[in-house]
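Numbering (our numbering), first residue to last: 16 to 441. Glycine included, each C-beta is placed from N, C-alpha and C at the ideal position. A quick write-up on the structure given underneath.
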């Protein structure tokens with residue numbers, strides 16, 4: 016087996032993650048069709064591809080005409096909608112050839128009603144009112160019983176299958192905190208007997224700190240919700256700052272993934288532009304430059320302005336001009352190349368900067384020895400003239416978007432329009 020030798024212990028600090036919705040990515044909605052897009056994503060600076068669930072979908076009690084990818088009928092097969100197992104192996108091999116790491120969505124909390132285990136091992140499931148227990152608020156999925164050791168071992172064997180058979184590089188674990196942390200503590204070392212992996216869990220470490228011991232990265236759900244409320248309800252910026260301080264206090268043992276949209280947000284709560292309006296681009300800059308991992312969703316480089324159907328075929332409406340591609344290329348390449356933006360690295364220090372407009376401007380500088388990245392964001396809905404009033408900023412920097420140089424020893428004044436942002440490196 017050919018193994019990608021870029022060990023996650025190192026690449027996790029400089030990576031970014033691009034979430035791939037195979038169903039909606041192309042008109043064909045297949046692995047082979049998506050493969051043709053990978054060189055473009057490589058050129059955009061994408062490092063890690065996360066594929067939404069690739070397992071077949073249970074037909075019993077399914078939602079819509081196609082069902083939810085998160086309602087599996089088998090943990091060790093391929094959704095025929097996307098192609099064959101050989102097609103998937105081809106995709107992984109091509110991804111590795113291009114230099115990507117590839118992780119798959121792992122749905123451990125529940126299965127669909129028609130999962131093979133409901134026939135072979137009904138004791139693997141929680142029961143309620145004489146039948147399988149449905150997951151909270153979702154009647155197309157049923158919950159597994161993590162008190163059952165045999166089920167745990169079967170789940171671990173299923174995870175091992177994908178490493179041994181297809182050589183993926185890790186897992187994005189759906190609803191990770193709905194599963195007992197003891198399972199993940201059991202599963203990770205067992206699965207990693209095959210090779211080191213990258214693990215990102217869908218949980219917020221401020222709410223479920225015990226899961227941080229197991230995962231390389233976690234979600235920043237509280238930040239995502241708070242920042243959307245901040246924009247919609249004109250809340251004070253210090254509330255954002257207070258929340259970021261709480262995340263920073265967690266320490267560097269795990270990293271946060273920062274995002275403005277994903278499959279759930281886009282389909283159910285609206286596009287990033289619906290949520291963030293004028294500050295959509297400043298929020299994207301923040302996600303790529305704050306301590307952690309930038310997380311992008313299919314089509315953000317377009318940008319995609321529509322909510323994608325979740326249970327039906329609803330392809331992204333690609334054009335020949337991805338207007339945001341250069342923007343993301345600049346940010347992703349900076350994240351990967353500048354040591355000051357390494358996520359989860361205790362050598363990096365982040366300073367929040369004082370400005371003459373702290374109620375409107377969010378500014379910070381990140382330093383790792385002689386490497387420095389300065390980020391200035393207009394988080395308000397108005398034009399702002401302001402000055403950075405902070406001794407942490409000095410010397411000559413280059414603007415990463417236009418290449419111009421600026422000597423901050425001779426002046427730290429700015430004139431920002433609505434939606435403006437600036438990123439400099441030293």
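Residue from the options with nearest C-alpha to residue i
i	options	result
residue 367	392, 385, 354, 345	392
residue 60	429, 403, 343, 404	343
residue 130	158, 117, 56	158
residue 310	64, 25, 439	64
residue 132	43, 167, 98, 102	167
residue 193	186, 226, 409	226
residue 376	314, 359, 268, 297	297
residue 353	97, 272, 439	439
residue 125	134, 113, 141, 119	141
residue 128	72, 81, 181	72
residue 307	411, 337, 347	347
residue 378	329, 55, 300	300
residue 70	183, 84, 31, 134	84
residue 426	394, 53, 404	404
residue 423	406, 416, 417, 415	406
residue 303	349, 260, 288	349
residue 441	435, 358, 413	413
residue 50	97, 224, 82	97
residue 278	228, 314, 360, 184	314
residue 152	58, 90, 78	78
residue 93	68, 111, 330	68
residue 398	26, 100, 224, 294	294
residue 446	420, 289, 436	Because the chain spans 16 through 441 in this model, residue 446 falls outside it and cannot be assessed.
residue 184	211, 164, 122, 200	211
residue 53	25, 117, 91	117
residue 74	155, 99, 122	155
residue 111	62, 286, 245	62
Residues that residue i bridges to, as DSSP identifies them
i	result
residue 316	DSSP, once it has assigned bridges, lists no residue as partnering residue 316.
residue 65	34, 118
residue 421	412
residue 436	392
residue 72	87
residue 428	402
residue 156	127
residue 311	33
Buried/exposed call for residue i, threshold 16 Cβ in 10 Å
i	result
residue 36	buried
residue 34	buried
residue 318	buried
residue 320	exposed
residue 23	buried
residue 264	exposed
residue 42	exposed
residue 266	exposed
residue 260	exposed
residue 134	exposed
residue 418	exposed
residue 430	exposed
residue 335	exposed
residue 25	exposed
residue 27	buried
residue 31	buried
residue 197	exposed
residue 16	Since pLDDT at residue 16 reaches only 37, below the 50 mark, its modelled position is unreliable, and the value read off the structure follows with that caveat. The residue in question, residue 16, is exposed, as its Cβ has fewer than 16 Cβ neighbours within 10 Å.
residue 387	buried
Residue-level contact to chain C via CB, residue i, 9 Å cutoff
i	result
residue 427	Included in the structure is just one protein chain, with no chain C present.
Any non-hydrogen atom of the ligand COA within 8 Å of residue i CB
i	result
residue 253	The ligand COA is not part of the structure shown, which contains no ligands of any sort.
Original post:
Which runs of the beta strand (DSSP E), 3 residues or longer, sit entirely within the stretch 181-243?
Top reply: 185-188, 213-219, 232-234
Original post:
Which ranges would you report for the beta strand (DSSP E) in the stretch 121-153 if only whole runs of at least 3 residues count?
Top reply: DSSP runs (the beta strand (DSSP E)) wholly in the stretch 121-153: 125-127.
Subject >> Complete runs of the alpha helix (DSSP H) confined to the stretch 231-309 [at least 4 residues] >> reply: Runs of alpha helix (DSSP H) with 4 or more residues, each lying fully within the stretch 231-309, are found at 236-247, 252-264, 287-291, 295-304, listed in chain order.
**OP:** Please list the segments of the alpha helix (DSSP H) lying wholly inside the stretch 323-406, counting only runs of 4 or more residues, in order along the chain.
**Re:** 340-352
Original post:
For the stretch 193-205 against the stretch 169-184, are there 3 or more C-beta pairs whose distance is under 8 Å?
Top reply: yes
Subject >> At least 3 beta-carbon pairs within less than 8 Å: the stretch 43-56 vs the stretch 104-115 >> reply: yes
Original post:
Hey, which unbroken runs of the alpha helix (DSSP H) at 4 residues or more fall wholly within the stretch 77-118?
Top reply: Entirely contained in the stretch 77-118, the alpha helix (DSSP H) runs reaching 4 residues are, in chain order, 100-113.
Original post:
Would the stretch 273-282 and the stretch 320-340 be scored as touching if the rule is three or more Cβ pairs under 8 Å?
Top reply: Put simply, the stretch 273-282 touches the stretch 320-340. At least three CB pairs are less than 8 Å apart.
**OP:** Evaluate the contact criterion for the stretch 209-219 versus the stretch 181-195: three or more CB pairs, one atom per stretch, below 8 Å.
**Re:** yes
Original post:
Can at least three beta-carbon pairs, one atom from the stretch 244-256 and one from the stretch 222-236, be found at a separation below 8 Å?
Top reply: no
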